[in-house]
Amino acid sequence: MIRKYELEDQPKLIDLIKENSDYSVEYIKWKYFGKRMSHIFIYEKNDHIVSAIFTWEEEMTAVNEKMKVLVRNEVFNFTSEELTYLLKDCIKEYAEKNKIEYILNTESEQGTEISTFDRSAIIYRPIKLLAKKMFILWPLTPFDRIFVRHKRIQAEAVQPKDDTYQLKNIDQFDSEADNLQENPEEIRIKKDHHYLNWRYMNHPTQKYEASGIYEDSKLKGYAIIQINNKKVTIVDYQAVPEEDILLSLLTNIVIQYKKYDYLQAKISSNPDINEQLFKVGFIVKDQPSQLFDELANSATNKTSNWFINLGDIYF
-16 MIRKYELEDQ
-6 PKLIDLIKEN
4 SDYSVEYIKW
14 KYFGKRMSHI
24 FIYEKNDHIV
34 SAIFTWEEEM
44 TAVNEKMKVL
54 VRNEVFNFTS
64 EELTYLLKDC
74 IKEYAEKNKI
84 EYILNTESEQ
94 GTEISTFDRS
104 AIIYRPIKLL
114 AKKMFILWPL
124 TPFDRIFVRH
134 KRIQAEAVQP
144 KDDTYQLKNI
154 DQFDSEADNL
164 QENPEEIRIK
174 KDHHYLNWRY
184 MNHPTQKYEA
194 SGIYEDSKLK
204 GYAIIQINNK
214 KVTIVDYQAV
224 PEEDILLSLL
234 TNIVIQYKKY
244 DYLQAKISSN
254 PDINEQLFKV
264 GFIVKDQPSQ
274 LFDELANSAT
284 NKTSNWFINL
294 GDIYF
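Note that the numbering used here has the sequence shown beginning at -16, numbered continuously upward.
Shown next, in the form of structure tokens:
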């Protein structure tokens, strides 16, 4: 029998997830039963939870537009392909009844592709990265300082000279961040300061660094940074739609993290944002990833106006 999750199911579901993953209990409670609105359907047999599917509901906004979406489907204890489809059908039925417009996923066998995204990168130390595969190059790694210097000079050359812009570390977001969510030019997941603190600053197992760009002491943009083995990823960033604000944020990030080997970010579908990325030295890194809609209703159209951060999908 497939049914909706009830609160008393939580201990059994925690055991199910632990059996099928290496997640800690702290992480499971944060991700699957935390503040973020999740929807869970379970398959039960003889009072035993055999399988479960999880999805997360978000609000997406653009200029004068709001809509509800579901992000990702995760199935635990895969028992059969047929059961997985039945669980996914329950999610679709829920979406249709509750005016959910999209079920977004980066991998889908049955979904409709609605957008594509590239990853962009700044490589500070290309020789060192190559030397990890070709050890003969290791003696040449001191010459990487030439590339680091070039990237710094390139960023400084386009950095706005307005003294009113300041980059500051953020320990916890406050209500100032809410103002950044109003009427963005692209279709984005709406993230108030409660969401940002839950998703990044209070993450139970992953440490993130947050920087804010301020103009006259007012928050105008932010970037969330994840560091992993000398590689830096901008997992989330947003700024008010003013060219110098985003440019100041990006140039400061490029200069601040130049001691690392590598910096990557998601390319937006907005050409104005991409222009700023390329201006400070980012290049297209690899093959694009796709964004699929698993609901695939008649309103679904491929659009160039989506902006999905890495942290929106992978968490």
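Cβ coordinates follow ideal geometry from the N, Cα and C atoms, glycine included. These numbers were taken from a predicted model, which means no experiment stands behind them.
Query: Spatially closest choice to Thr99 from Ile106, Gln259 and Asn288, by CA coordinates; Result: Asn288
Query: Ser281, buried or exposed, once every other Cβ within 10 Å from all chains shown has been counted against 16; Result: A caution first: Ser281 carries a pLDDT of 42, below 50, which makes its placement in the model unreliable, though a value can still be read off. Ser281 should be labelled exposed.
Query: Meets three-Cβ-pair contact criterion under 8 Å: the segment 99 to 118 and the segment 78 to 88; Result: no
Query: Delimiting residues of the beta strand (DSSP E) encompassing Trp39; Result: His31 to Ala45
Query: Endpoints, alpha helix (DSSP H) assigned at Glu258; Result: Pro254 to Lys262
Query: Continuous beta strand (DSSP E) stretch holding Asn88: start and end; Result: Ile83 to Asn88
Query: Where the beta strand (DSSP E) through Lys51 begins and ends; Result: Glu48 to Phe59
Query: Selected residue, minimal CA-CA separation from Ile74, among Asn47, Glu40, Ser103 and Ala104; Result: Glu40
Query: Test item: CB-CB of Asp30 and Pro271 under 8 Å; Result: no
Query: Alpha-carbon to alpha-carbon, Val215 and Ile119; Result: 26 Å
Query: Endpoints, beta strand (DSSP E) assigned at His22; Result: Ser21 to Lys28
Query: Beta-carbon proximity check, Glu320 vs Ile(-15), cutoff 8 Å; Result: Absent from the model: residue 320. The displayed extent of the chain is -16 to 298, so no value can be given.
Query: Three CB pairs or more closer than 8 Å across the segment 209 to 228 and the segment 189 to 200; Result: yes
Query: Bridge-paired residues (DSSP) for Ser194; Result: Asn152 and Ala206
Query: Spatially closest choice to Ile266 from Asp255, Ala248 and Leu274, by CA coordinates; Result: Ala248
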